[in-house]
Each structure stands twice: as C-alpha cells, then as structure tokens.
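Numbering (this note's numbering), first residue to last: 1181 to 1470.
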C-alpha cells in the first residue's frame, strides 16, 4: 500500500508542477457565483428543512438486502465493525474538507467498472445520516448501468434522469430511507446520457433542488471515467470529486490519467483505495478497507 500511495503522490506532484495553478483560479468561477446567489435561500431553508423534506416518499430497505450488497453503515446503533468505522472516518474527513471550502457537491467516480464507487457512495450517505442535522441528497448519475434501485429492491418508471431533463420534479421521484437522506434513483438505462449531462437543463435542475431542499451535501454517483465521456461532461457542475480505485486491478497509470482529467475541471478531494485485502497498521482503515 505504501508503494501505491507513494506512486500516486509522485505522479500528482509532477503533474501539478507542470500545470501550475492558473486553471485552478478560473475553473469554478461559475459555481462560486451560483453559490453566493443561493446562500441566502439556503440559510432560510435550513430552519425548516425537516418540514420541507417530510413529504418526500419514504421506504424501508431490508437490512439483509443492505448487508448482502455491503452497505455496512445502513444499520443504526453503536458498531465496532471495521468497515463501519472506516466509513465514519471518511464521512468526517469529507465533511470537514467541504465545510472548510464551502463546498456542497461531491462527485464519486472510478477509472473503470467494479471499483466499488456505488458502494462507497451509499455507505457514505448512510454514515452521514447518523448525524441528524446533516441533510444529504444522493443522485444516481450512472445512467448507463444504474444499480441503486436494484440494491434497494425498488422498481419504478420515472427516474432521476427525467429531473435533470426538466421533465419531472425531484419531490416527485425522491426516495427517503432516512429522515435526512434522499435518493434520486434511475430504474432503467437512459438514452444519450452524455448529451443530457451537458444540457442547459441540468444546471437549472440542480439549482432548483438546492434552493428547495437546502442539502448540506449532494453526492453524485458518477459513471466510470474510462468507459465513456459522461463523467467529464458533468464535472463542471460539482465542487469536488473523490476517485475510487480498486486494489490489484486499477493501475497507477489509470489513476494518474483520471486524476489529471478531473483536476482540469474540479477539485480532486483524493483517491480512495478500495477492495484492499492487505493493510499495514500505519495506513489506517479509511484509505484501505472498502
């Protein structure tokens, strides 16, 4: 693991030395101005969020179903499970970083399929739900291979893609397994997702959701980067991104390419090493367990 972390750090340092900070000062001017415009509405909504969220449809996922899909943070109450503690640590790090920077939109992606990005997204969401004052929206953006509805054991017709296209309201399709967590799910593949994610309706839809529901954090479960251009089509809409890599299958070269592309569009919060069977004590759980 030390070798992997050292290689990632070396590649990142070399890239940053070449690219400089010019793009970093410009790439989020639009988001910064939009954030300032929404601040007042957000603060007003914060006081009444419980009442605003109350009409959203609720459901109770079976605990066995969640355990089967390794959503270990779904169960409530004190737990000493290594995975639960790891995700709780990740939650704290994410919240601290986003609050320091004034960020609200977090994308989670991976270089390729089967790295566990959806599992990470769901575990992070349910870990956040343990803090009653933190309200989180999870948006399923992998519209070529949607899987969250299947994990929850749900079926439906109108998915989150219709909200992005301006054809439906988030309040009509949202599913709420916890009082302070709402999911925007997709039940079937969406045609032309890259074109949808670059359309003008997306920015308006996200702004409307934030204005109405005032989430502290929105998690976007993105498609794998190297499978299509869907993720890069959307990166201009988020404040930061977490890259999930799979131990023993994701190469350093893939991580470097993805991190370079992501850094040209948004802030890279970090690289999370998933599916690691071998950990050293110094590395801790958060970077290695999932």
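Glycine included, every Cβ here is placed at the ideal spot set by N, Cα and C. No experiment lies behind these values; they were computed from the predicted model shown.
Specify the secondary structure class of residue 1366 as computed by DSSP and reduced to three states.
coil
Hey, is residue 1296 close to the ligand COA, as in C-beta under 7 Å from one of its heavy atoms?
Among the components of this structure there are no ligands whatsoever, and the ligand COA is therefore not found.
Check this for me: beta carbons of residue 1285 and residue 1398, under 8 Å apart or not?
yes
Hey, which unbroken runs of the alpha helix (DSSP H) at 4 residues or more fall wholly within the stretch 1348-1423?
1350-1353, 1373-1377, 1380-1393, 1410-1414
Length of the line joining the Cα atoms of residue 1319 and residue 1358
15 Å
Three-state secondary structure (DSSP) at residue 1278?
helix
Do residue 1385 and residue 1343 have their C-beta atoms within less than 8 Å of each other?
yes
Nearest-angstrom beta carbon gap, residue 1447 and residue 1425 [assumed within contact, 8 Å]
That belief does not hold up - the Cβ atoms of residue 1425 and residue 1447 are roughly 18 Å apart, past 8 Å.
Less than 7 Å between C-beta atoms, sequence neighbours within five positions excluded: which residues of the same chain meet that for residue 1303?
1251, 1252, 1253, 1267
Based on the DSSP output, what are the partners of residue 1426 in its beta bridges?
1454
Buried/exposed call for residue 1414, threshold 16 Cβ in 10 Å:
buried
Extent of the continuous beta strand (DSSP E) run through residue 1285
1285-1289
Along the chain, where does the alpha helix (DSSP H) that runs through residue 1343 open and close?
1340-1344
Would you tell me roughly how many angstroms separate the C-alpha atoms of residue 1444 and residue 1376, rounded to the nearest one?
21 Å
For residue 1382, which residues of its own chain have a beta-carbon under 6 Å away from its beta-carbon, when the five flanking residues on both sides are left out?
1344
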